Ligand SMILES: Cc1ncc(COP(=O)(O)O)c(C=O)c1O
């Protein structure tokens with residue numbers, strides 16, 4: 001074992017396989033290039049300046065964030081083109097947003113006329129802010145319906161301080177799909193929802209330059225649909241056991257793992273030092289039963305992490321295990337995005353040799 005082997009780290013530790021990260025980013029970049037569309041990765045997955053920069057170096061046109069605070073961290077490091085894919089409306093946030101728009105090209109989501117008017121009012125006296133309408137393609141979270149887009153777009157054109165240039169959606173319901181066919185069909189519907197909305201606006205004389213889609217299960221398929229101009233995958237930088245369960249990736253694509261130690265061995269179970277504060281409680285979308293346990297222990301198919309308390313991961317054994325007290329294992333988490341947000345830094349390695357340490361810069365930035 002070399003002095004900088006991952007096994008020398010104390011646990012729990014967040015490990016990032018640089019070879020796999022580069023491969024995953026290269027693949028997304030190629031898909032965007034092959035289809036002649038933009039790539040605007042969602043950085044809520046990694047919250048890392050270093051990884052955002054790797055994405056930009058590979059041709060990303062800018063980044064997507066969920067939180068204003070994430071945008072502030074990225075702008076402070078010199079990233080200049082950001083979609084805040086969230087319908088901001090509070091006074092405090094709009095004040096900060098005004099400051100940020102002086103430093104970078106910021107676009108925000110609009111999902112109601114009421115919110116559009118609040119944003120318009122907040123930008124009175126400032127340069128107009130660019131906005132994209134968020135349309136609902138089946139996730140039933142934020143977003144207006146297709147048949148409401150034209151009315152909203154028409155009203156927005158009357159507001160002097162906001163400037164509409166795009167329409168976007170996120171097909172997060174693809175996480176509940178139970179077959180690849182279903183994922184493809186959701187991808188088609190996701191793209192069509194944006195295209196139908198854009199056509200309605202353009203027929204009424206409102207140009208919609210940006211037609212943006214993207215979730216990790218659907219982006220490869222949506223990218224090929226004519227008229228779509230942008231993809232925004234987040235999780236695909238890392239992949240995880242949810243994506244493996246969906247058939248979107250294999251365990252060998254998963255770049256992010258958690259290094260755990262065996263803290264205790266009992267007759268019928270093993271306890272790891274990784275509980276919900278290291279692995280998170282996610283088990284995939286409601287309705288999708290393809291995720292087993294709370295992460296996959298690499299090289300130990302006999303071990304299933306069946307329950308988590310905050311500091312303990314309790315695993316049952318389906319056969320005799322060679323694992324003994326103090327042994328270290330790598331666990332592929334079920335949901336990489338929430339796990340990254342639980343750690344201070346990535347221990348970056350190539351072939352299990354540590355080559356760097358990167359902070360999770362926007363960790364915990366949720367306002
Ligand atoms: C608006 C928006 N775009 C893109 C994404 C990226 O999705 P995924 O992580 O599945 O690639 C998300 C995820 O929540 C999102 O909310």
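Residue numbers (the UniProt record's numbering): 1 to 367. All C-beta atoms in this analysis are idealised placements derived from N, C-alpha and C, irrespective of residue type, glycine included. A quick note: this is a predicted structure, and the numbers were derived from the prediction, not measured.
Asked                                                                                                                                                                                      : Found
Kindly provide the ranges of any beta strand (DSSP E) runs that are 3 or more residues long and lie completely inside the segment 215-269, ordered along the chain.                        : 256-265
Hey, how far is the Cα of residue 156 from the Cα of residue 135?                                                                                                                          : 15 Å
Who pairs with residue 105 in a beta bridge, going by DSSP?                                                                                                                                : 81
I need the straight-line Cα distance from residue 384 to residue 12, nearest angstrom please.                                                                                              : Only positions 1 to 367 of the chain appear in the structure, and residue 384 is not among them; the question remains open.
Using alpha carbons as the reference points, say which of 178, 201, 168, 202 lies closest to residue 190.                                                                                  : 168
For ligand 1, enumerate in chain order all residues having a CB closer than 6 Å to any of its heavy atoms.                                                                                 : 42, 45, 64, 85, 170, 172, 214, 215, 216, 232, 233, 234, 235, 236
Please work out which residues of its chain come closer than 7 Å, Cβ to Cβ, to residue 4, disregarding the five sequence neighbours upstream and downstream, and give them in chain order. : 353, 354
Is DSSP giving residue 300 helix, strand or coil here?                                                                                                                                     : coil
So what does DSSP say about residue 99, is it helix, strand or coil?                                                                                                                       : helix
Label residue 266 either buried or exposed according to how many other C-beta atoms from any shown protein chain fall within 10 Å of its C-beta, with 16 as the threshold for buried.      : exposed
Sorted by chain position, which residues of the same chain lie with C-beta nearer than 6 Å to residue 175's C-beta, five sequence neighbours on each side aside?                           : 285
Taking residue 73 as the reference, which of 88, 43, 59, 95 has the closest Cα?                                                                                                            : 43
Let me know if residue 289 comes out buried or exposed under the rule of 16 or more other beta-carbons within 10 Å of its beta-carbon.                                                     : exposed
Where does residue 209 land, buried or exposed, given buried means 16+ other C-beta within 10 angstroms?                                                                                   : exposed
Quick one: complete alpha helix (DSSP H) runs, 4+ long, within the segment 87-175?                                                                                                         : 91-101, 113-122, 146-157
Helix, strand or coil: how does DSSP classify residue 339 here?                                                                                                                            : helix
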